[in-house]
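Numbering (the numbering used here), first residue to last: 1 to 265. Presented below is the structure to which this report refers.
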């Protein structure tokens with residue numbers, strides 16, 4: 001029993017430390033890296049407390065951050081390393097719980113991240129927009145009068161309710177992306193549709209880009225990787241997320257597996 005308590009304490013300590021890392025990255029993203037030294041430290045302290053209790057940045061997001069760090073490092077890839085701006089496509093984004101976290105993760109070194117989040121369902125996209133607006137509101141509190149507005153990089157998530165194959169019809173959307181992210185891919189739901197999504201994603205990657213997928217189930221994840229390889233993808237790394245939160249359905253958990261895939265040359 002004592003060993004279990006020690007393990008739980010270690011996990012809580014890890015979550016707390018990672019929470020601060022995420023908070024700092026999100027603050028830098030929303031305020032603009034160049035403005036962080038100008039922000040009100042008293043307000044930042046209060047925001048940290050609010051952040052810790054926020055429903056938007058709980059353990060699932062912290063554990064996703066850990067997995068992103070792990071697979072990106074092991075993939076030996078540095079997408080967009082020679083560019084001033086990184087283009088990120090979030091496919092089948094749903095209500096996009098991860099939207100702000102993805103932008104902060106990829107922009108933590110100061111790089112601007114332009115994220116396009118797309119889903120077929122209008123209702124889900126509406127939820128995503130509201131969630132992101134509420135996230136902005138949390139961080140807007142720290143902005144001082146001499147820092148007139150949130151960084152333009154903080155406003156660079158575009159939500160689109162449409163089929164991914166219609167992206168070419170939106171004039172401002174790039175033809176290729178440094179990172180494409182699919183959270184909880186759902187191959188079992190409709191294999192032919194997801195094959196089309198995977199094929200589209202691989203075709204839109206830059207030469208040094210990566211596709212990142214997460215899955216709820218073991219078997220579905222392995223089948224997705226096999227299909228991606230058949231379509232010309234190169235699986236750089238795939239890992240089981242041992243911090244994954246179990247759900248009520250047997251064998252299903254949040255971001256149970258995370259993988260990074262490149263386009264075969």
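Note that the Cβ used here is the ideal one computed from N, Cα and C, for glycine as well. Model, not experiment: these values are computed from the prediction.
- Helix, strand or coil for residue 92, going by three-state DSSP, please let me know. coil
- Going by beta carbon distance, what residues of the same chain come within less than 6 Å of residue 80, once the five residues before and after it are set aside? 86, 178
- Message: Suppose you measure from the CA of residue 118 to the CA of residue 125; what does that come to, to the nearest Å?
- Response: 7 Å
- Query: Counting only runs that start and end within the region 170-248, where is the beta strand (DSSP E) found for 3 or more residues in a row?
  - Reply: 177-182, 205-215, 233-240
- Task: Indicate the three-state DSSP secondary structure (helix, strand or coil) for residue 156 in the structure shown.
- Result: coil
- By Cβ distance, which residues of its chain are closer than 8 Å to residue 120, with the 5 residues on each side in sequence left out? 92, 161, 162, 163
- Message: Whole angstroms are fine: how far does the CA of residue 265 sit from the CA of residue 138?
- Response: 43 Å
- State the start and end residues of the unbroken alpha helix (DSSP H) segment that holds residue 66. Following the DSSP letters along the chain, one finds residue 66 inside the alpha helix (DSSP H) bounded by residues 59-75.
- Distance between residue 188 and residue 237 (C-alpha atoms, nearest Å): 22 Å
- Determine which residues share a DSSP beta bridge with residue 162 and list them. For residue 162, which the question treats as bridged, DSSP gives no partner whatsoever.
- Message: For residue 112, tell me which candidate among 239, 245, 30, 218 has the shortest Cα-Cα distance.
- Response: 30
- Message: Taking the beta carbon of residue 247 as the centre, do at least 16 other beta carbons fall within 10 Å, making it buried, or is it exposed?
- Response: exposed
- Sorted by chain position, which residues of the same chain lie with C-beta nearer than 7 Å to residue 229's C-beta, five sequence neighbours on each side aside? 235
- Have a look at 83, 132, 94, 77 and flag the residue whose alpha-carbon is nearest the alpha-carbon of residue 104. The shortest C-alpha separation from residue 104 is found at 132.
- Query: Of all the options 20, 74, 214, 73, which has the alpha carbon lying nearest to the alpha carbon of residue 244?
  - Reply: 214
- Identify which residue in 194, 204, 241 has its Cα closest to the Cα of residue 225. 194
- Task: Would you mind sorting residue 67 into buried or exposed? The rule is 16 or more other CB atoms within 10 Å of its CB.
- Result: Within 10 angstroms of the beta-carbon of residue 67 lie 16 or more other beta-carbons, which makes it buried.
- Alpha-carbon to alpha-carbon, residue 249 and residue 209: Roughly 34 Å separates the two Cα atoms.
- Message: What does the Cβ neighbour count give for residue 206, buried or exposed, with the cut at 16 atoms within 10 Å?
- Response: buried
- Local conformation of residue 258 per DSSP, three classes: Look at residue 258 here: in three-state DSSP terms it is strand.
- Message: Taking the alpha carbon of residue 227 as the reference point, which residue from 241, 83, 173, 200 has its own alpha carbon closest?
- Response: 200
- Message: Tell me the rounded alpha-carbon separation between residue 176 and residue 202.
- Response: 10 Å
- Task: Could you pull out every residue in the same chain whose Cβ sits closer than 8 Å to the Cβ of residue 101, ignoring the five residues on either side in sequence?
- Result: 22, 26, 57, 61, 64, 65
- Return the bridge partner residues of residue 104 from the DSSP annotation. Residue 104 is bridged by DSSP to nothing; it lacks a bridge partner.
- Query: How is residue 119 classed by DSSP in three states: helix, strand or coil?
  - Reply: strand
- Task: Check whether the Cβ atoms of residue 184 and residue 94 sit closer than 9 Å, and answer yes or no.
- Result: yes
- Query: Among the residues of its own chain, which have a CB less than 6 Å from the CB of residue 159, if the five just before and after it don't count?
  - Reply: Excluding residues within five positions, the ones whose Cβ falls inside 6 Å are 117, 125, 128, 129.
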